[in-house]
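Notes to accompany the following structure.
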Amino acid sequence: MAGILAPGVVDSVRARPSSGWKTHPTERGTTHDQVDDLRGPAGRARALRRPGPGPVRYVVLLTETEPEAWDHATEAERQAVLVAHRAFDDEVARRGEVLGGRALDRSDTATTLRSVDGTWTVTDGPFAESAEQLGGFYVVDMPDLDAMIAAARLLPTGYTIEIRPVVDVPDY
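According to the working numbering, the sequence shown is numbered sequentially starting from 1.
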């Protein structure tokens, strides 16, 4: 079934030591260890990588247009979604590591803080009025973007999937 995210699909979070990580640009085939600038060539952010060859850390954002679809899904439709998430988990485990992730509650349960001229305003609801809302996320280490895309294609087809490299912030 398109557009449904199973609540609690990802229940494990494995911490990764923060020491020993350096920045590398996301462009394939190039390496940089400088941490004086968060932006790489052509303004591209550098992804978080271990020194030398190793995985790139990504956040995989899952947005959906019908968050209530899970509530109305049949048992077979729910199982199909869970099978797709497990296939993603298995592929990432084969080529990298799932570091964490969660399904998110509906956007109407969100609380948003906005700062205007140094004054915070707190409102109920999502940060943006949009047909698509963030439904969940994964944090994963994968060898490269191609492997990440291949794994993401195993997720249920009802999502819009956004993959972003995690940026290392020096001295933070």
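Cβ coordinates follow ideal geometry from the N, Cα and C atoms, glycine included.
The criterion of a C-beta distance shorter than 8 angstroms is not satisfied by Glu-162 and Glu-64. With fewer than 16 neighbouring CB atoms inside 10 Å of its own CB, Val-83 falls in the exposed class. Segment contact: the stretch 137-145 against the stretch 86-102, three or more CB-CB distances shorter than 8 angstroms; contact assigned.
Rounded to whole angstroms, the gap between the alpha carbons of Tyr-58 and Phe-88 is 14 angstroms.
Only residues of its own chain outside the window of five on either side were considered, and among them Thr-111, Leu-113 have a CB closer than 7 angstroms to the CB of Val-122, listed in chain order. Here Gly-100 is bridged, per DSSP, to Val-139. Residues of the same chain with a CB within less than 7 angstroms of the CB of Asp-124, apart from the 5 flanking positions on each side, are Thr-111 in chain order. Measuring C-alpha to C-alpha distances from Ala-150 to each of Asp-171, Leu-104, Thr-119, Ala-93 identifies Ala-93 as the nearest.
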